[in-house]
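S.K.: For the working numbering, add 73 to where a residue sits in the sequence shown, where the first one is 1.
Cβ coordinates follow ideal geometry from the N, Cα and C atoms, glycine included.
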Amino acid sequence: MGLLPYAGIGPLELEEVAAGLLFPEGPTALPDGSVLVVEMCGGRLTKIWPDGRTEVAAETGGGPNGLAIGPDGAVYVCNNGGVAWDWVDGYVVAYGRAADYTGGSIQRVDLATGEVTTLYTHHDGHPLNAPNDIAFDAHGGFYFTDFGHVHERTRDRGALYYALPDGSELRQVAFPLFEPNGVGLSPDGSRVYVSESVTARVVYFDVDEPGVFSTRDDPPYHYAPGTHLLARIAGHGSQCLDSLAVDAEGNVCVGTLENPGVTVVSPEGEQAFLPMPGDALTTNLCFTGPDRRTAYLTRSATGVVARTTWPVPGARLPYETG
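1) Suppose you measure from the CA of G198 to the CA of A297; what does that come to, to the nearest Å?
2) From the DSSP output, in three-state form, read off P391 for me.
3) In the DSSP output, which residue or residues are listed as bridge partners for E322?
4) Could you name each continuous beta strand (DSSP E) segment of 3 residues or more that falls completely within the stretch 81–111, going from the start of the chain to the end?
5) Pull the bridge partners of L354 from the DSSP assignment, please.
6) Between the stretch 214–232 and the stretch 321–328, do three or more beta carbon pairs fall short of 8 Å?
7) With a cut-off of 8 Å on the beta carbons, I'd call R289 and Y277 a contact; round off their distance for me.
8) Does the Cβ of S241 have 16 or more other Cβ atoms within 10 Å, making it buried, or fewer, making it exposed?
9) I'd like the span of the beta strand (DSSP E) that includes T190, first residue to last.
10) Could you tell me the alpha carbon to alpha carbon distance between P200 and I179, rounded to whole angstroms?
11) Taking Y149 as the reference, which of A167, D124, T336 and A236 has the closest Cα?
12) Should P298 be counted as a contact of the ligand ATP given a C-beta to heavy atom distance under 7 Å?
13) Starting from the Cα of P100, find the closest Cα among L314, S339 and Y369 and give me that residue.
14) Using the rule of at least 16 other Cβ atoms within 10 Å of the residue's Cβ for burial, across every protein chain shown, is W160 buried or exposed?
15) What does a CB cutoff of less than 6 Å around L94 pick up in its chain, not counting 5 residues either side in sequence?
16) Between which residues of its own chain and Q344 is the CB-CB distance below 8 Å, once the five residues before and five after are set aside?
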């Protein structure tokens, strides 16, 4: 099928479901029909029902960013430690590290009780800087990106990690990467995709076994061993990339900033752009519903979660039953 269902689509009709959120991100479908998001600038997880009702599910502190449901039914959170933010002309603008930055971490949240447990804060003596997005594989482990931080004169390089949800193992599987943001797996689990924000690149890794990437056919331009360039998003220089989701055909759907919308990239690197004007920060999406064609999107600058009918069903994640 490829990108044919996406060809020639203009702005999708978006229905506003919830508003007034402090930089929503990380949408995740839950079994009860609701969608869970983070409020990155509010330090909490918020559940959104289809009729727009909201309720706070947990207080994580710091800056919760990406979410995923694990094999035990708990929610696992990438926490960037807190970002500085402000209101500018009615929009939430997040920038840099917060004055009360708590350090990056991976957290486990029991949605039944709201209990928050910290699993990981360091790897091999190095602190996690700003964990961003997370994706479980079918083997029960998860990949997550660490975005890094930009300082006045220097920049922390980013990385991709693989970890187990019981807190027993954390491995760095790709380093260095340049501001890695979104992460997701192909439907068959053979590839791990990562979106890099400022480079506007989507890269991928061939999986040999859980948390181990093939380096047999390394191209000469790689950053980390095993990195393959899938696409540099058209219009690079005027837009950046955020987080991503994968559809059932294996296409990568990545939030595209500044020129707002979602860019869809096929497994072969072809591109289609779905414009979504009205918010410069369409940061992420998830799929839900019986046919997986209802997409919930986070519109972070305006604090809105919207939904639409997606042209292609979304891939079913290993432990996401919503």
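M.R.: Looking at the atomic coordinates:
1) Their Cα atoms are separated by approximately 20 Å.
2) coil
3) Per DSSP, none; premise fails for E322.
4) Runs of the beta strand (DSSP E) inside the stretch 81–111: 88–91 and 97–102.
5) L330
6) no
7) About 14 Å; that fails the 8 Å criterion.
8) Around the beta carbon of S241, fewer than 16 other beta carbons sit within 10 angstroms, so the residue counts as exposed.
9) E188 to Y193
10) 11 Å
11) A236
12) Summarising the ligand content, the structure contains no ligands, and the ligand ATP is consequently not present.
13) When each option's Cα is compared against that of P100, the closest is Y369.
14) exposed
15) E112 and G376
16) L76, A304, I306, A307, T336, V337 and V338
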